[in-house]
Amino acid sequence: MIPPIEWTLSGQATPLAARTWPNPDARWLAVLVHGYGEHLGRYQHVADALAGMGAMVVGADHTGHGRSGGERALIGDFEAVVSDVDAVVTAALDGHPDLPVVLVGHSMGGAIAVRYAQRFPDRIAAMVLSAPVLGVWPVLDLLEYDEIPDTPVDPSTLSRDSSVGAAYAADPLVWHGPYKRATLAALDQLLQTISFDQPLGDDLPVLWLHGDADELVDQADTRAGTDRVRGLGFEEHTYSGARHELFNEINRDEVFADIAAFTARAVKG
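The sequence shown: position 149 = 149 (full-length UniProt numbering), numbered continuously.
Next up, the structure:
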């Protein structure tokens with residue numbers, strides 16, 4: 001296990017809790033972009049796997065998430081979060097300017113990563129999307145209610161490994177309450193912005209990973225979004241029986257092997 005170096009970053013809205021997993025032999029920089037309600041403390045094994053692929057790994061808890069500041073699970077402007085990701089990239093490249101950057105975005109973090117690629121296409125060399133929220137997401141239908149129902153994430157939808165759901169449910173840094181209206185409205189705006197902005201460049205390698213048993217982010221809903229932004233460098237893998245958190249699934253070794261093969265082809269460093 002590679003112990004992370006913890007540091008603080010001045011975000012657009014709040015101070016952000018950031019982590020770096022150093023690698024003196026790094027050939028590329030992996031930037032983790034986590035999902036809704038969670039935090040990077042759940043990604044130690046992901047960082048270890050990426051380091052084994054030759055990466056230095058970095059990331060920050062989004063505003064309102066994990067150890068970062070702000071009201072819990074509240075994001076009022078995703079463009080500001082994209083700017084926060086760019087601040088992480090900038091800080092990480094200080095002293096390592098030649099490392100190619102690969103965004104690794106999960107779920108809501110996948111949408112943030114795609115938006116980053118639209119805004120900063122010259123900053124990244126490749127992108128990995130794990131069950132990204134793109135296109136349409138039925139959770140946004142909650143905006144039709146005058147009062148948002150208390151429908152938190154069901155831990156059983158995360159993985160076939162029951163210990164993953166149990167750890168998620170017991171994690172005090174995970175948000176277990178209802179969705180915030182402002183967050184849903186901002187995410188709805190983000191998805192519309194992505195769909196109507198420029199597609200990803202044909203020279204950007206992108207790997208989309210999804211489980212066909214994902215009940216939290218349906219693969220068909222995501223495809224409605226990927227079809228609008230995909231370029232010629234777009235690849236996809238579907239895992240039979242896998243649920244939402246592919247990095248925590250029982251076939252995680254297969255998932256990491258696919259990422260390793262992809263980055264070996266995509267990253268020139």
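Each residue gets a CB set at the ideal place from its N, CA and C atoms; glycine is no exception. Please read all numbers here as calculations on a predicted model, not as lab measurements.
Segment limits, alpha helix (DSSP H) that includes residue i
i    : result
H45  : Q44 to G52
E254 : R252 to A266
L124 : Contrary to the premise, residue 124 reads as Ile rather than Leu in this sequence. Taken as a continuous stretch (DSSP letters only), I124 belongs to no alpha helix (DSSP H), as it is neither H nor E.
Sub-9 Å separation of residue i and residue j beta-carbons
i    : j    : result
V33  : G135 : no
G165 : L129 : no
Q44  : P15  : no
E235 : F262 : yes
A182 : I75  : yes
G232 : D202 : Before going on, a small fix: residue 232 reads as Leu here, not Gly. In this structure, D202 lies closer than 9 Å to L232 by Cβ.
I259 : V229 : no
A125 : V267 : yes
A26  : A51  : yes
A186 : D77  : yes
L9   : V82  : no
V214 : H244 : Reading the sequence as shown, one finds Asp at residue 214 and not Val. For D214 and H244, yes; Cβs fall inside 9 Å.
A91  : V58  : yes
G66  : L173 : yes
Residue range of the unbroken beta strand (DSSP E) whose run includes residue i
i    : result
Y239 : F234 to Y239
I5   : I5 to S10
R230 : It is not in any beta strand (DSSP E) - R230 carries neither H nor E in the DSSP assignment.
Close Cβ partners of residue i (< 8 Å) along its chain, the five nearest in sequence each way excluded
i   : result
L93 : L29, L99 and V101
Sequence-distant residues of the same chain with beta carbon closer than 6 Å to residue i, five excluded per side
i    : result
H210 : A131, Q219 and T238
E71  : G64
V139 : none
N248 : S159 and V164
Contact belief for residue i with residue j at Cβ below 8 Å, rounded distance in angstroms
i    : j    : result
Y179 : I148 : 6 Å
M108 : Y36  : 4 Å
P97  : M56  : 13 Å between Cβ atoms; not a contact.
Residues near residue i in its chain [Cβ-Cβ closer than 7 Å; skip 5 each side]
i    : result
D48  : M1 and I2
D197 : Q118
F120 : D86
(message) For a minimum of 3 consecutive residues, which ranges assigned as the beta strand (DSSP E) are wholly contained in the stretch 126–184?
(response) 126–130
(message) Runs of 4 residues minimum, wholly inside the stretch 181–208: which ones carry the alpha helix (DSSP H) assignment?
(response) 181–196
(request) Kindly provide the ranges of any alpha helix (DSSP H) runs that are 4 or more residues long and lie completely inside the stretch 12–100, ordered along the chain. (result) Runs found: 44–52 and 78–93.
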